Amino acid sequence: MNDWAGIAWLVVLLLVNAFFVGAEFAVISARRSQIEPRAEAGSRAAKTTLFAMEHATQMLATSQLGITVASLLILNVSEPAIHHLLEGPLGLTGLPEGAITTVGFIITLILVSFLHVVFGEMVPKNLSFSVPDRAALLLAPPLVFVSRIFHPIVIFLNKTANGVLLLFRVQPKDEATSAFTVDEVANIVAESTKEGVLNDDYGQLNAAFEFSVKKVKDIAVGMDNLVSLSEAATPAEVERAVAQHGFSRYVLVADNGEPTGYLHLKDVIDLEDPVEFTEPVPPRRIRQLISISRTADLEDALASMRRSGVHLARVFDEHDATRGILFLEDIIEELVGEVQDATRRD
1 MNDWAGIAWL
11 VVLLLVNAFF
21 VGAEFAVISA
31 RRSQIEPRAE
41 AGSRAAKTTL
51 FAMEHATQML
61 ATSQLGITVA
71 SLLILNVSEP
81 AIHHLLEGPL
91 GLTGLPEGAI
101 TTVGFIITLI
111 LVSFLHVVFG
121 EMVPKNLSFS
131 VPDRAALLLA
141 PPLVFVSRIF
151 HPIVIFLNKT
161 ANGVLLLFRV
171 QPKDEATSAF
181 TVDEVANIVA
191 ESTKEGVLND
201 DYGQLNAAFE
211 FSVKKVKDIA
221 VGMDNLVSLS
231 EAATPAEVER
241 AVAQHGFSRY
251 VLVADNGEPT
261 GYLHLKDVID
271 LEDPVEFTEP
281 VPPRRIRQLI
291 SISRTADLED
301 ALASMRRSGV
311 HLARVFDEHD
321 ATRGILFLED
331 IIEELVGEVQ
341 DATRRD
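Heads up: the sequence shown at position 116 corresponds to 116 in UniProt numbering, and the numbers run straight through without jumps.
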């Protein structure tokens, strides 16, 4: 092989190495949420990319195999060619032949290492990090093709690596992580807000993160702090309560202190008959309470109340004892801030 053929092979091997490095990082960095819509639209490249993401460890084994082979060949092919090309200029320096050989090898090693690190590693790696979805759609399909060609070797390497992990009691994963935990998303939002690329002036994003970890007991109103009425309350008493406290909903409590239902102002406001106005509210107008454990997640409680179509719920403990009342309004306030009752006075 002549010297210029060796230089040409150096360029080819650098491109091969760059391909495997770029494909490796693209498969890991790509977002499944961006690839799936393309796959559902019929894109073959997107479907293959999803396959690569779902078999990430096999793709990594293929990439590492390609990188290792390319790296070994780069030095073996390029060193003789570059070294020979340097012998002429170095011979003009008057150095001894042994020194020329040593200096030529050092220069060759530095040059090839520079080209390998910059163009074979860093450039494709940074490119895949910068545009991961586009890089994955471009590089994943040929990587899958190479993986299938060398399937036995790839499977052997992958199983060997997984076996070593199991020795250290680490469970291997085949699929690249494509989701974030709540804490990770919260950190991303905090950093984005700090850098000025995201605005959360009213704190709604942070409230949403806090909401996801709160329990019913964190916002339930205890029975001692509850403004309630007797289960035999009359429309007149409801009217007086609204005038005094300004709330539109009131829990009805039995003689033993247990809540039995609740009333909304509009449930009695149309009772104009003097007798009806001073008699206990008809049972058909009393709204039922659902029961929710005080240790339930707030988001689960919200879902239950929405399904049942109720605005208030009885909160119970592990012994089924009533510990308070949960208001839908209070749940919403955890997400969007204070919600003012339309009938409540400031």
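Heads up, the beta-carbon is just placed ideally off N, CA and C, and yes, glycines get one too.
Predicted model only: the values in this text are computed from it and were never measured.
- At a Cβ-Cβ threshold of 8 Å, Leu252 and Ser228 count as neighbours.
- In the DSSP assignment, Ser228 forms a beta bridge with Val251.
- Counting other Cβ atoms within 10 Å of its Cβ, Phe145 stays below 16 and is therefore classed as exposed.
- Secondary structure within the region 262 to 338: the alpha helix (DSSP H) runs of 4 or more consecutive residues, fully enclosed, are 274 to 278, 298 to 308, 328 to 336 (chain order).
- Cβ neighbours of Val154 within its own chain (closer than 8 Å, five residues either side excluded): Gln58, Ala61, Thr62, Leu65, Ser147.
- Counting the other CB atoms within 10 Å of its CB gives Gly88 a total below 16, which places it among the exposed residues.
- For Ile100, the enclosing alpha helix (DSSP H) has its first and last residue at 97 to 117.
- Judged by DSSP in its simplified three-state form, Thr260 adopts strand.
- Boundaries of the alpha helix (DSSP H) around Asp3: 3 to 29.
- Residue pairing from DSSP places Lys215 in a beta bridge opposite Asp297.
- When C-alpha distances from Ile67 are compared across Val21, Ala30, Thr102, the shortest belongs to Val21.
- The residues Arg32, Ile35, Glu36, Ala39, in chain order, have a CB closer than 8 Å to that of Leu50 in the same chain once the five nearest residues on each side in sequence are set aside.
- Beta bridge pairing from DSSP links Val221 with Ile325.
- Ranked by how close their Cα comes to the Cα of Phe327, the residues Leu312, His319, Glu334 have Leu312 in first place.
- Minimum Cα-Cα distance from Thr260 among the listed residues Val281, Phe247, Glu231, Glu239 corresponds to Glu231.
- Linking Val27 to Ile110 through their CA atoms gives a straight-line distance of about 31 Å.
- Per DSSP, Ala135 is one residue of the alpha helix (DSSP H) stretching across 132 to 149.
- Judged by pairs of C-beta atoms under 8 Å, the region 99 to 106 does not touch the region 1 to 13, as fewer than three such pairs exist.
- Here Arg294 really is in contact with Ala220; their C-beta atoms are around 6 Å apart, less than 8 Å.
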